[in-house]
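Just below is one structure, and these are the notes that go with it.
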Ligand SMILES: NC(=O)c1ccc[n+]([C@@H]2O[C@H](COP(=O)([O-])OP(=O)(O)OC[C@H]3O[C@@H](n4cnc5c(N)ncnc54)[C@H](OP(=O)(O)O)[C@@H]3O)[C@@H](O)[C@H]2O)c1
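Numbering (the working numbering), first residue to last: 18 to 257.
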């Protein structure tokens, strides 16, 4: 079984490296998803049976300030993968990594796979467009989730009034493995069993000195305030 994973150098990618041992993790320069020739070459050479597409431009501010790069990476990048898989024509199973931020973020709504997205910022718009593009390919699973890597909280402060059913990236990688084993198609939410604030998440992630902040102090692109998800199709995971 040949598994190819994009975004291997990223936060989720590092966790996927631990779970999908023996998978092929092409570097950005080897398989630039924004470049159709580069994607075709890599896929035709490797001929994966499973492709986990985790590469993206994820910075909310960066996507807002550089819409062209965000579009070319997150939307056209996904289109390039779909086109190459259709050309490959080996019924490869595609997993497209999406986000809880495709939703508006109403308080304690606990969005399920059946709810209607309504993105708040350009990053989330491109991730939703990527979902729609990935649906042009029949053998696809769209995974929506929300995570941080454990022991690597990178900010001095964390929101006490922004929430989610967060997981650590290692938990999400395990969830992706479980989904791949069953070859689930359509949309699946991989979510934590508990709604917590980002501040609580930072503490759990091992950041002892993190300060508290509120949304009132925030000055930037609109954000999804409550990223809590639920699932009607899959199990919930414990953040650990
Ligand atoms: N972090 C979250 O909270 C979160 C939540 C829900 C969903 N997601 C989704 O999960 C996935 C992984 O997120 P992450 O937080 O692990 O992201 P990340 O740490 O920023 O990593 C992004 C990865 O994408 C690669 N990449 C970017 N542009 C590329 C291109 N043109 N061609 C090839 N590779 C490219 C990067 O490689 P280089 O560094 O070498 O450029 C890096 O390996 C993304 O699809 C994201 O939208 C993230």
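For each residue, glycine too, the CB sits at the ideal point set by N, CA and C.
- For residue 216, no beta strand (DSSP E) run applies; the uninterrupted alpha helix (DSSP H) run containing it begins and ends at 215-221, by DSSP.
- If you draw a straight line from the Cα of residue 184 to the Cα of residue 206, it is about 12 Å long.
- Sixteen is the threshold: since fewer than 16 other Cβ atoms of the shown chains lie within 10 Å of the Cβ of residue 61, the residue is exposed.
- Using a C-beta cut-off of 8 Å, the segment 92-109 makes contact with the segment 43-52, since at least three inter-stretch Cβ pairs fall below that distance.
- Non-local beta-carbon contacts of residue 42 in its own chain, meaning distances under 6 Å to residues more than five positions away in sequence, involve 22 and 25 in chain order.
- The segment 76-86 makes no contact with the segment 106-115; the number of CB pairs closer than 8 Å stays below 3.
- Look at residue 51: its beta carbon is less than 8 Å from one of the heavy atoms in ligand 1.
- Our two residues, residue 135 and residue 67, have alpha carbons roughly 29 Å apart in a direct line.
- Under the three-state reduction of DSSP, residue 158 is assigned to strand.
- Remark: the C-beta of residue 144 is in contact range of ligand 1, defined as less than 8 Å to any heavy atom.
- Contact between the segment 122-135 and the segment 215-225 is absent: fewer than three C-beta pairs spanning the two stretches fall below 8 Å.
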